[in-house]
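Below: the structure, in structure tokens.
Protein chains: 2
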Amino acid sequence: MHAALNRLADELPDGALITDSDIIERYRRDSAADPHAGTPVAVVRPAGTADVQQVLRWAAEHHVAVVPRGAGSGLSGGADAVDGSVVLSTERMRDIRIDPATRTAVVQPGLTNTEVKRAAAQHGLWYPPDPSSIDISSIGGNAATNAGGLCCVKYGVTGDYVLGMEVVLADGTALRLGGPLLKDVAGLALTKLFIGSEGILGVITELTLRLIPAQPPASTVVALFDSVADAANAVVAITAEIRPAMLEFMDHASINAAEDHMRMGLDRSARAMLLMQSDAPGAAAAEVATMVSNCEKCGATEVFATDDPAEGAAFTAARRGMFGAVEKLGSLLLEDVGVPIPQLPALVTGVEDIADTCDVQIYMVAHAGDGNTHPIIVYDPTDPDATDRAERAFARIMELAIGLGGTITGEHGVGRLKRDWLPNQLGDDVMALTRRIKDALDPQGILNPGAVLR
Amino acid sequence: MHAALNRLADELPDGALITDSDIIERYRRDSAADPHAGTPVAVVRPAGTADVQQVLRWAAEHHVAVVPRGAGSGLSGGADAVDGSVVLSTERMRDIRIDPATRTAVVQPGLTNTEVKRAAAQHGLWYPPDPSSIDISSIGGNAATNAGGLCCVKYGVTGDYVLGMEVVLADGTALRLGGPLLKDVAGLALTKLFIGSEGILGVITELTLRLIPAQPPASTVVALFDSVADAANAVVAITAEIRPAMLEFMDHASINAAEDHMRMGLDRSARAMLLMQSDAPGAAAAEVATMVSNCEKCGATEVFATDDPAEGAAFTAARRGMFGAVEKLGSLLLEDVGVPIPQLPALVTGVEDIADTCDVQIYMVAHAGDGNTHPIIVYDPTDPDATDRAERAFARIMELAIGLGGTITGEHGVGRLKRDWLPNQLGDDVMALTRRIKDALDPQGILNPGAVLR
């Protein structure tokens with residue numbers, strides 16, 4: 071192995087291959103902090119597509135597993151190293167080119183989402199997808215997981231903005247798919263197939279992203295409810311009439327955690343909170359009125375509206391900051407289950423039951439307009455029994471979502487943490503088809519083995 | 071073969087299998103009217119998914135090709151029969167169920183697009199995708215080609231509204247993919263892979279479609295230009311500021327054909343026309359002003375705005391009716407090429423050159439906001455030389471689009487008419503990957519052989 075690694079190091083730019091064990095340690099896990107992550111033999115940090123091709127050709131020749139890695143902010147263990155693998159980090163691939171005429175950005179995978187947004191904003195353009203990890207997650211990782219966020223309810227997910235890509239296959243072939251074309255149905259939808267494929271089909275080395283005109287500042291509505299069902303009814307009523315730019319949910323525990331953390335003056339006795347925004351030019355006032363009246367009709371105990379962007383941003387920050395707020399309380403297991411919107415009350419109630427039965431603390435925030443929820447399980451990792459109960463709750467929540475016609479992951483990905491529940495959701499026939507496609511593209515199974523598929 | 075067909079007939083509902091040659095004749099071609107279409111041995115009209123499974127199991131056993139067919143309104147020969155095949159028409163599969171709570175429609179493939187829209191409208195909901203064939207094309211065919219339309223520039227294409235499907239694979243296995251979930255990243259993006267796959271990977275037997283709240287009536291702007299470049303500049307300027315609900319282009323020949331056909335009072339000397347709409351609630355007046363001022367800034371010779379829906383509908387009808395208007399003038403070869411928007415003037419000029427060189431009449435209409443154009447070649451099919459020149463022009467336009475970084479098909483599909491140009495656009499490596507996926511899903515090659523791939 072040593073000789074083979076030396077050969078690879080010779081083929082790559084100076085310093086691109088790292089075998090120092092202290093540095094390697096930092097590349098073993100993503101933000102799920104999975105204790106079962108393996109140890110790679112090396113980390114490579116390619117400077118461009120040609121380097122990625124070299125790595126994969128080498129890996130194919132030596133039958134070495136390659137674990138692609140963006141910023142390591144993933145929450146499902148999708149970038150956890152495998153023993154004996156090479157971790158391929160895209161962190162050095164940071165070029166970006168904005169074309170205002172086609173309203174596209176051509177970006178390498180290593181930039182953060184915020185960096186892409188900022189470059190687009192310099193041309194009065196906007197890249198909408200906004201996972202909460204916006205400042206730390208890489209655009210390549212966003213594409214590999216089809217990341218969502220808060221604005222999806224109106225503006226869609228990462229995949230809706232990817233017009234084309236360059237991707238390197240398991241044998242080192244680099245393909246160009248799509249481009250700055252808004253409509254293109256020539257051949258199979260291969261670009262779409264690589265989106266959300268979590269590194270098991272290829273390594274994305276460039277993305278062509280669709281940009282749209284920047285939106286005006288949003289108006290914000292906050293509503294409190296004394297029942298989750300009332301809040302869920304308000305979600306259904308509002309989305310039947312308008313498309314809000316944000317429609318977030320926080321449960322009783324989350325409201326209190328946010329209040330502990332940020333002192334917003336929220337009613338600590340409330341059972342549910344909705345945080346909504348409208349950015350419709352010329353229609354924000356009308357949309358705010360629609361949100362307010364539907365919340366009131368559905369029994370909100372308190373409704374507050376503002377078109378001060380700073381005030382709105384404070385509420386949004388409280389919502390985005392939830393993981394940080396509860397992180398202080400213990401280790402986290404972050405859920406990402408989704409259900410059809412009418413099942414939201416059943417999911418929230420079911421999660422409360424699981425918290426009781428498993429004797430764990432669960433905080434629930436949700437992209438309610440999409441039915442995508444994040445029950446956050448907080449536990450003490452030094453207590454083996456508490457860890458076990460947390461893991462049991464993690465499993466039960468997925469089973470609950472599947473039973474409600476939902477999904478085990480709305481935007482974080484399957485990775486390694488949720489892999490064993492995927493067959494329960496998809497069924498044997500869909501798993502078999504998935505395996506057929508994986509085998510067709512990566513017959514040696516060297517690309518991110520153990521992620522998504524066993 | 072006769073005995074085998076009898077066995078299949080026995081397995082299907084009465085009358086589902088047709089061998090009458092007069093009836094079969096009507097199922098040989100789609101609307102491309104390809105003279106090279108083959109003759110099937112039978113037409114089957116399944117009543118549901120179980121019947122489709124029977125047909126495919128039977129076909130796999132007897133190595134018989136199956137050509138899936140929606141309404142036969144395709145324009146690329148994607149539903150052209152193959153000699154000895156069975157044509158599988160979905161026309162009898164017409165169930166629809168609207169769920170206002172999840173804002174979804176669960177539909178069988180045989181309904182027309184308009185029928186889906188109408189059912190959604192009964193609940194105050196809207197299914198946006200609107201190919202010009204809206205009244206005659208099937209929703210299953212729309213999904214199989216990832217059909218576009220006029221509203222795509224703001225609202226996206228068919229695939230953006232497909233949340234889930236039931237699909238029958240080549241071996242008769244029926245799979246359920248996705249469902250009424252707005253965000254779901256569990257496993258590979260298989261739903262997306264079947265969208266636009268033109269019947270070569272499976273037969274779609276049910277779709278779960280995302281619906282959105284109905285939009286208010288649109289305001290309309292019509293602008294005339296004495297140069298194509300000026301019109302294209304206006305497109306770039308407008309789309310940098312707002313997202314119009316429609317942004318259509320007609321060239322000099324099309325303006326005159328529309329005027330012959332409908333007497334709108336258009337200036338026959340104009341070289342280009344833009345037809346634009348805004349449906350933004352509360353912001354239509356502002357968007358109309360943006361469109362008008364940008365057209366004027368870019369040198370429009372005449373600009374007309376109206377918020378009378380009837381007047382707007384008359385212009386839209388003139389645009390939608392273009393195929394009908396020129397159909398009287400001869401046989402048509404319909405192009406569907408797309409380019410990055412800044413290449414629009416080069417494409418229009420290039421097409422004019424091709425019309426001159428090949429001595430054919432070409433009318434150009436375009437979904438300009440998407441860069442997706444429809445040069446319509448009109449020729450006399452009884453004149454072999456004219457037919458030959460038309461076919462040469464058809465090929466040259468695709469080569470022109472590829473040379474401009476564009477696509478041979480923006481929304482109609484590759485089918486059989488454009489198949490031989492697909493490798494020129496995609497390249498050998500992408501074709502090889504396409505073939506690997508096709509072979510993984512349909513190892514016998516019985517699903518729509520000759521479409522997309524040779």
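Chains A and B, in that order, are what the protein sequence lines are.
The first sequence begins at 71 in our numbering and counts up one residue at a time.
The second sequence begins at 71 in our numbering and counts up one residue at a time.
Using N, Cα and C, we set each Cβ at its ideal position, and we do this for glycine too.
Predicted, not measured: the structure shown is a model, and the values here were computed from it.
Under 9 Å by beta carbon: chain A residues contacting residue i
{"i": "N442(B)", "result": "L251, L252, K253 and D254"}
{"i": "G194(B)", "result": "A310 and E311"}
{"i": "L263(B)", "result": "L258, A259, L260, K262, L263 and I507"}
Nonlocal neighbours in the same chain, by C-beta distance under 8 Å from residue i, ignoring five residues either side
{"i": "M346(B)", "result": "T290, V291, V292, A293, I308, P314, M316, L317, E318 and M361"}
{"i": "P379(B)", "result": "P287 and A288"}
{"i": "D330(B)", "result": "A395"}
Expected contact under 8 Å - CB spacing of residue i and residue j to nearest Å
{"i": "L258(A)", "j": "F264(A)", "result": "Their Cβ separation, rounded to whole angstroms, is 11 Å, which puts L258(A) and F264(A) out of contact at 8 Å."}
{"i": "G441(B)", "j": "V484(B)", "result": "Incorrect: roughly 18 Å between the Cβ atoms, too far for contact."}
{"i": "L474(B)", "j": "Q413(B)", "result": "4 Å"}
{"i": "T371(A)", "j": "A323(A)", "result": "That belief does not hold up - the Cβ atoms of T371(A) and A323(A) are roughly 18 Å apart, past 8 Å."}
{"i": "P415(A)", "j": "A302(A)", "result": "5 Å"}
{"i": "V136(B)", "j": "L158(B)", "result": "5 Å"}
Beta-carbon proximity list for residue i, same chain, < 6 Å, skipping 5 on both sides
{"i": "V176(B)", "result": "R167 and T278"}
{"i": "G335(A)", "result": "none"}
{"i": "D450(B)", "result": "G400 and A456"}
{"i": "N494(A)", "result": "I472"}
{"i": "R246(B)", "result": "E236"}
{"i": "K224(B)", "result": "R313 and A315"}
{"i": "T89(A)", "result": "A112"}
{"i": "R77(B)", "result": "none"}
{"i": "Y97(A)", "result": "V113 and V157"}
Interface partners of residue i on chain A, CB under 8 Å
{"i": "R506(B)", "result": "A510 and L511"}
{"i": "D150(B)", "result": "Simply none; closest approach about 17 Å."}
{"i": "V362(B)", "result": "Result: empty, since nearest Cβ-Cβ is about 16 Å, beyond 8 Å."}
Proximal chain A residues relative to residue i, where beta-carbon distance stays under 7 Å
{"i": "T479(B)", "result": "V255 and A256"}
{"i": "D230(B)", "result": "D230"}
{"i": "A356(B)", "result": "P351 and G352"}
Contacts that residue i makes with chain B (C-beta to C-beta distance below 8 Å)
{"i": "L496(A)", "result": "A256 and G257"}
{"i": "S267(A)", "result": "L258 and A259"}
{"i": "V500(A)", "result": "L245, R246, L247, G257 and L260"}
Cβ-Cβ distance between residue i and residue j below 9 Å
{"i": "I312(A)", "j": "A214(A)", "result": "no"}
{"i": "V435(A)", "j": "I447(A)", "result": "no"}
{"i": "L251(A)", "j": "G226(A)", "result": "no"}
{"i": "G352(A)", "j": "P286(B)", "result": "no"}
{"i": "S155(A)", "j": "G211(A)", "result": "no"}
{"i": "I516(A)", "j": "A130(A)", "result": "yes"}
{"i": "D349(B)", "j": "A310(B)", "result": "no"}
{"i": "G480(A)", "j": "D423(A)", "result": "no"}
{"i": "N216(B)", "j": "V500(A)", "result": "no"}
{"i": "G382(A)", "j": "M332(A)", "result": "no"}
{"i": "L470(A)", "j": "V396(A)", "result": "no"}
{"i": "C365(B)", "j": "A304(B)", "result": "yes"}
{"i": "G369(A)", "j": "D321(A)", "result": "no"}
{"i": "P138(A)", "j": "E276(A)", "result": "no"}
{"i": "H444(B)", "j": "L404(B)", "result": "yes"}
{"i": "D80(A)", "j": "P110(A)", "result": "no"}
{"i": "H482(A)", "j": "G144(A)", "result": "yes"}
{"i": "A502(B)", "j": "D509(A)", "result": "no"}
{"i": "R489(B)", "j": "R524(B)", "result": "yes"}
Chain-ordered chain B contacts of residue i [CB-CB under 9 Å]
{"i": "P287(A)", "result": "Under the 9 Å cutoff, chain B gives no residues; its nearest Cβ is about 15 Å from P287(A)."}
{"i": "A171(A)", "result": "V306, A310, P410, I411 and P412"}
Sequence-distant residues of its chain with Cβ nearer than 7 Å to residue i (five each side left out)
{"i": "A86(A)", "result": "V114, R115, P116, A117 and D121"}
{"i": "L260(B)", "result": "L247"}
{"i": "A191(A)", "result": "A284"}
{"i": "I467(A)", "result": "E405, V407, V421, I424 and P445"}
{"i": "A189(A)", "result": "I166, I168 and A175"}
Under 7 Å by beta carbon: chain B residues contacting residue i
{"i": "G218(A)", "result": "K253"}
Any contact of the region 140 to 157 of chain A with the region 101 to 115 of chain A, i.e. 3+ C-beta pairs under 8 Å?
These segments touch.
Check whether the region 199 to 208 of chain A and the region 180 to 189 of chain A are in contact - that is, three or more C-beta pairs closer than 8 Å.
Cβ pair count under 8 Å is three or more, so yes.
On the three-pair Cβ rule with 8 Å, is the region 452 to 469 of chain B touching the region 238 to 257 of chain A?
Segments in contact, no.
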